[in-house]
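Working notes for the structure below.
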Amino acid sequence: MELFVHDSPADVAARTASLIAESIADKSGPFSLGLAGGSSPKPTYDRLREIDVAWQGVHAWLGDERWVPHDSDRSNGRMASDSLFSHVSASLVRPDYGDDPEAAASAYEQELGEIEAMAGRHDIVILGLGDDGHTASLFPGSAALAESDRKYVANRIPETGEIRLTATYPLLHEAARVIFIVTGRSKAEALEASLAGETPAGKVGQGRATVEWHVDRDAASLLS
Ligand code: 6PG
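Here you go:
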């Protein structure tokens, strides 16, 4: 696990965008790119629109998705599409939305398996961090934390009862590289606990993936 503390959220966005662009440029053949939702990665997606990237070989997908219609302003897929993927030639595969989240998660797991087979491994998975230490939709106390076989599941958030679809540790642990993007003072306690391995996000580092934390000074304010 490596920690990179940057001066500002803009510096986090600039650095992570260039890391992702470099990684895509360095690989010949299909590239698997898992996307974080929420607000933290959006500046990175915006910066990637300004960089000349060989997008045609990139297969993007969602590390998690809220159980909402594709055009909902809460959809992670809509955010990723609006900020980057409707502007470049990469493919973005999104989970279906309908009346059966388990079936949608299972079908998406199949699609991601095909991407992983084409690329060899999921090359990069971008993740965010919730102020409760969740990542993707692996929330504290949720059933998906114990999933040891399936790579993508429907998961109920204990606090709210909301259903989400999420990658699980079996997928995240096998990725080549995980890039966390964490900014803001509200994340400082969760970041400190995550780096100690005490949160769902902190447990992403227990697999084969190379894990990099790209954070700003506010998020790092409790780190010694
Ligand atoms: C989501 C995300 C989630 C996110 C964290 C941080 O669906 O919201 O995938 O895991 O990364 O909740 O969200 P912010 O970046 O908005 O703080």
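My numbering puts the first residue of the sequence shown at 9, with every later residue one more than the last. Beta carbons are placed, not taken as given, at the ideal position from N, Cα and C, and that holds for glycine. These figures come from a predicted structure and were not determined experimentally.
Of the residues Gly65, Ala144, Pro178, Ala183, which one's Cα is nearest the Cα of Arg164? Locating residue 164 in the sequence shown gives position 156, counting from the first residue. Cα-wise, what sits closest to Arg164 is Ala144.
May I ask which residues mark the beginning and end of the alpha helix (DSSP H) holding Arg55? Residue 55 sits at position 47 when you count from the first residue of the sequence shown. That run of the alpha helix (DSSP H) goes 50–56.
Mind the definition here: the segment 51–68 touches the segment 193–204 only if three or more C-beta pairs lie below 8 Å; say whether that holds. no
Please state whether the Cβ-Cβ distance between Leu230 and Glu200 is less than 8 Å. Sequence index remark: in the sequence shown, residue 230 carries index 222 (1-based). Sequence index remark: in the sequence shown, residue 200 carries index 192 (1-based). Yes. Within cutoff.
Quick one: complete alpha helix (DSSP H) runs, 4+ long, within the segment 162–203? 177–180, 196–203
Please classify Arg102 as buried or exposed, where buried requires at least 16 neighbouring CB atoms within 10 angstroms. For the purposes of this step, residue 102 is taken as the residue at position 94 of the sequence shown. Under this definition Arg102 is a buried residue.
Take Ala62 as the anchor and find which of Asn84, Ser47, Ala98 has the nearest alpha-carbon. Residue numbering aside, residue 62 sits at position 54 when the sequence shown is read from its first letter. Nearest C-alpha to Ala62: Ala98.
Where the beta strand (DSSP E) containing Leu11 begins and where it ends: In the sequence shown, residue 11 corresponds to position 3, counting from 1. It spans 10–14 - the beta strand (DSSP E) in which Leu11 sits, taken as one unbroken run.
Measuring straight from C-alpha to C-alpha, what distance separates Ala127 and Gly37? Here residue 127 corresponds to residue number 119 of the sequence shown, with the count starting at 1. Here residue 37 corresponds to residue number 29 of the sequence shown, with the count starting at 1. Taking the straight line from one Cα to the other gives about 7 Å.
Using the three-state DSSP reduction, which class does Tyr272 fall into: helix, strand or coil? It is not possible to answer for residue 272, since the shown part of the chain is limited to 9 through 232.
Pull up the distance between the alpha-carbon of Thr207 and that of Ala18, whole angstroms please. By 1-based counting over the sequence shown, the position of residue 207 is 199. By 1-based counting over the sequence shown, the position of residue 18 is 10. If I take the Cα positions, the gap works out to 26 Å.
Buried or exposed: which applies to Asp234, given that a residue is buried once 16 or more other Cβ atoms fall within 10 Å of its Cβ? The question about residue 234 has no answer, for the chain in this structure spans 9 to 232.
In this structure, how does DSSP classify Glu73 when only helix, strand and coil are distinguished? Your numbering for residue 73 matches position 65 in the sequence shown. Strand.
Rounded to a whole number of angstroms, what is the C-alpha to C-alpha distance between Asp226 and Thr24? Working through the sequence shown from its first residue, we reach residue 226 at position 218. Working through the sequence shown from its first residue, we reach residue 24 at position 16. In a straight line, the C-alpha of Asp226 is about 17 Å away from that of Thr24.
Nearest candidate by alpha-carbon position, reference Glu117, set Arg57, Leu203, Gly71: Working through the sequence shown from its first residue, we reach residue 117 at position 109. Of the candidates Arg57, Leu203, Gly71, the one whose C-alpha sits nearest the C-alpha of Glu117 is Gly71.
Quick one: does the C-beta of Ala144 sit closer than 7 Å to a heavy atom of the ligand 6PG? Residue 144 sits at position 136 when you count from the first residue of the sequence shown. Result yes, Cβ under 7 Å from the ligand 6PG.
Taking Ala88 and Leu137 to be in contact with their CB atoms under 8 Å, please state how far apart those CB atoms are, rounded to whole angstroms. Position 80 of the sequence shown holds residue 88. Position 129 of the sequence shown holds residue 137. Actually they do not touch by this definition, with Cβ atoms about 18 Å apart.
Taking just the CA atoms, how far does Met9 sit from Pro109? Taking the sequence shown and counting its residues from 1, one reaches residue 109 at position 101. Taking the sequence shown and counting its residues from 1, one reaches residue 9 at position 1. Taking the straight line joining both Cα atoms gives about 33 Å.
If you run the structure through DSSP and keep just helix, strand and coil, what is Thr207? Walking along the sequence shown from the start, residue 207 turns up at place 199. If DSSP states are grouped into helix, strand and coil, Thr207 belongs with coil.
So does Asp226 have its beta carbon nearer than 7 Å to some heavy atom of the ligand 6PG? Residue 226 sits at position 218 when you count from the first residue of the sequence shown. Not so, every heavy atom of the ligand 6PG lies at least 7 Å from the Cβ.
Locate the alpha helix (DSSP H) running through Leu27, then write down its first and last residues. Looking up residue 27 in the sequence shown gives position 19. From DSSP, the alpha helix (DSSP H) with Leu27 extends over 17–34.
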